[in-house]
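S.K.: Numbering (our numbering), first residue to last: 6 to 151.
#1: In angstroms, rounded to a whole number, what distance separates the CA positions of residue 100 and residue 42?
#2: Could you give the distance in angstroms between the alpha-carbon of residue 58 and the alpha-carbon of residue 126?
#3: Tell me the DSSP bridge mates of residue 123?
#4: Roughly how far, in whole angstroms, is the beta-carbon of residue 93 from the beta-carbon of residue 21, given that I think they are within contact range, below 8 Å?
#5: Please classify residue 70 as buried or exposed, where buried requires at least 16 other C-beta atoms within 10 Å of its C-beta.
#6: Using alpha carbons as the reference points, say which of 64, 115 and 95 lies closest to residue 26.
#7: Does DSSP put residue 33 in a helix, in a strand, or in coil?
#8: State buried or exposed for residue 8, treating a residue as buried only when at least 16 other CB atoms are found within 10 Å of its CB.
#9: Taking Cβ to Cβ, would you say residue 131 is nearer than 9 Å to residue 102?
#10: Assign residue 97 to buried or exposed, taking buried as 16 or more other Cβ atoms, counted over all protein chains shown, within 10 Å of its Cβ.
#11: Just confirm the distance between the C-beta atoms of residue 75 and residue 133, as a whole number of angstroms; I'd bet it's less than 8 Å.
#12: Reducing DSSP to helix, strand and coil, say where residue 20 ends up.
#13: For residue 35 and residue 19, what's the separation of their Cα atoms in angstroms?
#14: Taking the alpha carbon of residue 73 as the reference point, which residue from 40, 55 and 33 has its own alpha carbon closest?
#15: Tell me where the alpha helix (DSSP H) around residue 107 begins and ends.
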C-alpha cells in the first residue's frame, strides 16, 4: 500500500500521474471519470494532451497512449489522450508548490496550477477543466507507437 489513504483525509489529493514527452504531470484523480484504451479514433471531444499544452510543432511520440474521461458536470463529453499513465499517488497539500510569479500567469492560462517534487521527479499539476476552458486549435503533429 502506498499510504495514500492514511495521509490524505481533507488535506490531500490523489493524483493520477502520467508523462508526455518525458515531462511528468499529475491531475486530481477526482477529475477523472475513467480510463480507456486509445483506439486511434478522431473526435471533436477527444483532445491530445500535448496539443492542449502547447508543446510546439515537433511531432510527439506516444508510446503507451491512454484516454482519460474528465468529469465536467455537464452533458459534454471530454476526453484527453495522455501517454505513459504511471500511478495514482497521494500527496499532502503542503507538498504543493506554486509557480514562480514570473511564470504563474502563463501556467494558469495553460491549466497548470502547482508543482510537486517526488524523489527525482518534478510533477506539474494540471487542472483539466481549466484546460478545457482555454482550448487550443488542434494543429500539432502526433505519432503513436504501439
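Where a beta carbon is used, it is the ideal one built from N, C-alpha and C, also for glycine.
Bear in mind the structure is a predicted one, so any value in this text is a computation, not a measurement.
M.R.: Considering the structure as presented:
#1: The residue you call residue 100 lines up with position 95 of the chain shown. The residue you call residue 42 lines up with position 37 of the chain shown. Between residue 100 and residue 42, the C-alpha separation is close to 31 Å.
#2: Working through the chain shown from its first residue, we reach residue 58 at position 53. Working through the chain shown from its first residue, we reach residue 126 at position 121. In a straight line, the C-alpha of residue 58 is about 19 Å away from that of residue 126.
#3: The residue labelled residue 123 in the question sits at position 118 within the chain shown. 126.
#4: What you label residue 93 is simply residue 88 of the chain shown in a count that begins at 1. What you label residue 21 is simply residue 16 of the chain shown in a count that begins at 1. Contact between residue 93 and residue 21 holds, since their C-beta atoms are separated by about 5 Å, short of 8 Å.
#5: Stepping through the chain shown from its first residue, residue 70 is reached at position 65. Per the 10 Å Cβ criterion, buried.
#6: The residue given as residue 26 occupies position 21 in the chain shown. The candidate whose alpha carbon is nearest that of residue 26 is 64.
#7: Taking the first residue of the chain shown as position 1, residue 33 is located at position 28. Strand.
#8: Within the chain shown, residue 8 is the residue found at index 3, counting from 1. Any answer about residue 8 is weak, because its pLDDT of 40 lies below 50 and its placement is not dependable; what the coordinates show is given next. Taking every protein chain shown into account, the CB of residue 8 has fewer than 16 other CB atoms within 10 angstroms, so this residue is exposed.
#9: The residue labelled residue 131 in the question sits at position 126 within the chain shown. The residue labelled residue 102 in the question sits at position 97 within the chain shown. No, the Cβ-Cβ distance between residue 131 and residue 102 is not below 9 Å.
#10: Counted from its first residue, the chain shown places residue 97 at position 92. Flag for residue 97 reads exposed.
#11: If you number the chain shown from 1, residue 75 lands on position 70. If you number the chain shown from 1, residue 133 lands on position 128. Confirmed, about 5 Å.
#12: As a working note, residue 20 is residue 15 in the chain shown. Per DSSP, reduced to three states, the secondary structure at residue 20 is strand.
#13: Position 30 of the chain shown, counted from the start, is the residue given in the question as residue 35. Position 14 of the chain shown, counted from the start, is the residue given in the question as residue 19. The C-alpha of residue 19 is placed about 8 Å away from the C-alpha of residue 35.
#14: One-based indexing of the chain shown puts residue 73 at position 68. Nearest to residue 73 by C-alpha distance, out of 40, 55 and 33, is 40.
#15: For the purposes of this step, residue 107 is identified with residue 102 of the chain shown, where counting begins at 1. Neither: residue 107 is in no alpha helix (DSSP H) and is coded neither H nor E.
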